[in-house]
Structures are given as structure tokens and as C-alpha cells.
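There are 2 protein chains.
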Amino acid sequence: MDQPEHLKSAGLKSTLPRLKVLDLFENSKERHLSAEDVYRQLLNIGEDVGLATVYRVLTQFEQAGLLVKHHFEGGKSVFELNKGDHHDHIVCLQCGHVEEFYDAAIETRQEKVAAGLGFAIRDHSLHIYADCTKKKCPHKR
Amino acid sequence: MDQPEHLKSAGLKSTLPRLKVLDLFENSKERHLSAEDVYRQLLNIGEDVGLATVYRVLTQFEQAGLLVKHHFEGGKSVFELNKGDHHDHIVCLQCGHVEEFYDAAIETRQEKVAAGLGFAIRDHSLHIYADCTKKKCPHKR
DNA sequence: GTTACGAATGATAATCGTTCTCATTTGCAT
DNA sequence: ATGCAAATGAGAACGATTATCATTCGTAAC
Chain P
1 MDQPEHLKSA GLKSTLPRLK VLDLFENSKE RHLSAEDVYR QLLNIGEDVG
51 LATVYRVLTQ FEQAGLLVKH HFEGGKSVFE LNKGDHHDHI VCLQCGHVEE
101 FYDAAIETRQ EKVAAGLGFA IRDHSLHIYA DCTKKKCPHK R
Chain R
1001 MDQPEHLKSA GLKSTLPRLK VLDLFENSKE RHLSAEDVYR QLLNIGEDVG
1051 LATVYRVLTQ FEQAGLLVKH HFEGGKSVFE LNKGDHHDHI VCLQCGHVEE
1101 FYDAAIETRQ EKVAAGLGFA IRDHSLHIYA DCTKKKCPHK R
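Residue numbers (my numbering), protein chains in the order written: chain P, 1 to 141; chain R, 1001 to 1141.
Printed below as a string of C-alpha cells:
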């Protein structure tokens, strides 16, 4: 339970809402949570937190490098714990489940292409939207 | 000027707003336009069109396959003429200019990765956000 | 332990992009 | 020309997110 250190090193006071949000991400089944998800789950746990605070905390955590933010189709942003490893996402169109993957070949090709066009990559996002090919979608919720 | 045919074959009446929007995309310097962009430019031309209509028309054109929609960081969606060729995008962080590219190796790797995970790709988006490496950004506006 | 002060919170209003509603207008087949 | 469904425009409504601001909390100094 070294959460307070995480917060401290990020220059953030160790407050109740912040600890609860961090805890949620570290113990939740679903790695990818939207602000609304976090808000609802905290209310369910009995935590009396405001939606505005959730948004603020998520943004602070993202800037502190604790979380990473992604924007998939469908309006709302989702956050996930930053494990330090870059990866891309494949989204199941049936159930919305998000799977992660990393492909070195794709990464290096991107660098090559960008360099060839005279750009230095600062960030990138690759989102694949797909149907599960198994008989019954194993991600159905 | 075969726009009416485009519309007709899409089952859309050939109305003034629709023709103006199509015309804008075919003659605009910037390939990627948001709804707001289209709206403003039409007003500048003296066309008295409503924002709601612009949104409706853009959506219809997308469904008809005339336009393609993209969602970059920063909230708003942009549309571009559908030339039938898939391509990805690199966005200049300095000026917001969008450059297009296509890399066969990346495409095939994506298919492989998705297949390996048990998915059939329906759609995907690869957005690279980068700094221009030339002394002065040639895209500065 | 109190105290004090700035940072953090929560309720709510505001904003932004987008969609919906509905009365009016338009395209087009007759 | 005429009629009617389709399309339009103004503005309301919407969902996600951000800003405002009075109140509460964390913590460092006493």
C-alpha cells in the first residue's frame, strides 16, 4: 500500500478521494474506466464523492503519470493505470471490452513513416475496432 | 460537376445546403473540416445555412460513403472526402495540420495481430501526434 | 494536540460539441 | 401549377467535461 508515496512524489496531498480513486484502479476487474464508471463505483462503495472531484483527480493523475487516458469511439474518455509499457488497443464491437496489444514491427514502422515525413512522434494512438471471431464472444458481459 | 448524381445514387434529394457542403469539400484547401468549419465557411460565402443542417448533412454523407469521419484529440470530429483509399493520419502539434500516410506493413501487421487475438477487424484508426522537425514548421498558419 | 492557512472538495452553473423537436419551407413528381 | 413528403433552420435539449465558489480538510508550525 504505497499509494501515499505515489501521491506525494507527484506533489499531491494524500486526500481521501484521491486514495479511493487510486485504490479503485488497482483493485478493479476492468482496467479501463471512465470518469462516470469511477464515480458510480465509488458511490456504490458508499464513498460520498463528487463527480467534479473525480474528473479533477483523474486529470491530475494523468498529468502526474499515474494514469493514461484514451479516447475511443463513443464520446467518453477512459483511464487506465500507467504500467509504463506502451500498448495499443483493440475494442470488441460486441461487448465493448478492451484488449491490449503491442507489436514492435508496427511501432518501428510508425517511427520510419513519421521521420520520412519530417515529424518527430510525441504520441500516437492505434485503435482497432473488431468483431470477435469465436462462436460466442468470450467478453460478453 | 456530377454532384447531383452522387446525391441521387445515395437516395438524397439534391438540395441547396447539400450541394454547397459537397462543393466546399471538393474545392476547399483544407481536406479535413469540422462541422463548425463547414458552417462558418458557408456563412462567409453568404449561404444562410443552419448548424443543425450541417451536422445532419455531414452525417448523411458519411453514411452514404461520400465522406469519412475522424476523431482526433481535442473534442471535435473532422470529415474528409472519401477517395476510396484508406490512410492514417499524422497531426502536427504546432499548427494542427493533418497529413495523410499509408503503410502496407502496418496494415498487414494489424490484421495479423487482430487475427492472433481472435478478432476480425471492422475498422481502425491510427493517429500520430508529432512535432515537425524542420526549422520552421511549414504548416504554420 | 491546537492552530492556521492554503489546498482540496462538492454542489451547481457553465461550456462545448452534437442531436433533437417542430413549425416552416423546399424539391420534385404529378 | 399543385401537393406532399422530405429537408431545413431556430432553438431547445443533451451528455461529457470544466469552471466557480463557499465550505471542509490536510498538514506543517507552534
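Every residue gets a Cβ at the ideal spot worked out from N, C-alpha and C, and that includes glycine.
What residues in its chain sit with their C-beta under 8 Å from that of residue i, if we drop five residues either side in the sequence?
i	result
residue 54 of chain P	17, 21, 35, 38, 39, 42
residue 88 of chain P	100, 101, 102, 103, 106, 125, 126, 127, 128
Could you tell me how far apart the beta carbons of residue i and residue j are, in whole angstroms, since I believe they sit closer than 8 Å?
i	j	result
residue 93 of chain P	residue 82 of chain P	Between residue 82 of chain P and residue 93 of chain P the Cβ distance is about 26 Å, and since that is not below 8 Å, they are no contact.
residue 109 of chain P	residue 1131 of chain R	Actually they are not in contact, since the Cβ atoms of residue 109 of chain P and residue 1131 of chain R sit about 19 Å apart, beyond 8 Å.
residue 133 of chain P	residue 1120 of chain R	5 Å
residue 1078 of chain R	residue 1086 of chain R	Their Cβ separation, rounded to whole angstroms, is 16 Å, which puts residue 1078 of chain R and residue 1086 of chain R out of contact at 8 Å.
residue 12 of chain P	residue 64 of chain P	7 Å
Just the C-alpha distance for residue i and residue j, rounded to the nearest angstrom, thanks.
i	j	result
residue 1111 of chain R	residue 9 of chain P	41 Å
residue 1090 of chain R	residue 6 of chain P	34 Å
residue 1025 of chain R	residue 1095 of chain R	21 Å
residue 1029 of chain R	residue 1023 of chain R	12 Å
residue 1097 of chain R	residue 118 of chain P	13 Å
residue 48 of chain P	residue 57 of chain P	15 Å
residue 1072 of chain R	residue 76 of chain P	13 Å
residue 1062 of chain R	residue 1045 of chain R	23 Å
residue 1113 of chain R	residue 31 of chain P	21 Å
residue 1052 of chain R	residue 1115 of chain R	40 Å
residue 1033 of chain R	residue 27 of chain P	42 Å
residue 1015 of chain R	residue 1084 of chain R	24 Å
residue 1074 of chain R	residue 74 of chain P	14 Å
Using C-beta distances below 6 Å, list every residue in its chain close to residue i, excluding the 5 sequence neighbours before and after it, in chain order.
i	result
residue 1068 of chain R	1080, 1082
If you run the structure through DSSP and keep just helix, strand and coil, what is residue i?
i	result
residue 1001 of chain R	With a pLDDT of only 49 at residue 1001 of chain R, under 50, the local geometry of the prediction cannot be trusted, and no value is derived from it.
residue 1157 of chain R	Beyond the ends of chain R as shown, which are 1001 and 1141, falls residue 1157 of chain R; an answer cannot be given.
residue 24 of chain P	helix
residue 1016 of chain R	helix
residue 1043 of chain R	helix
residue 115 of chain P	helix
residue 37 of chain P	helix
residue 141 of chain P	Its pLDDT being 49, under 50, residue 141 of chain P is placed unreliably by the model, and the measurement read from it follows with that caveat. Residue 141 of chain P falls in the coil class under three-state DSSP.
Identify, in the order they occur along the chain, each residue of the same chain with its Cβ nearer than 7 Å to the Cβ of residue i, setting aside the five sequence neighbours on each side.
i	result
residue 137 of chain P	92, 94, 95
residue 50 of chain P	none
>> Which runs of the alpha helix (DSSP H) at least 4 residues long sit entirely within the segment 50-113 of chain P? Give them in chain order.
In response: 51-64
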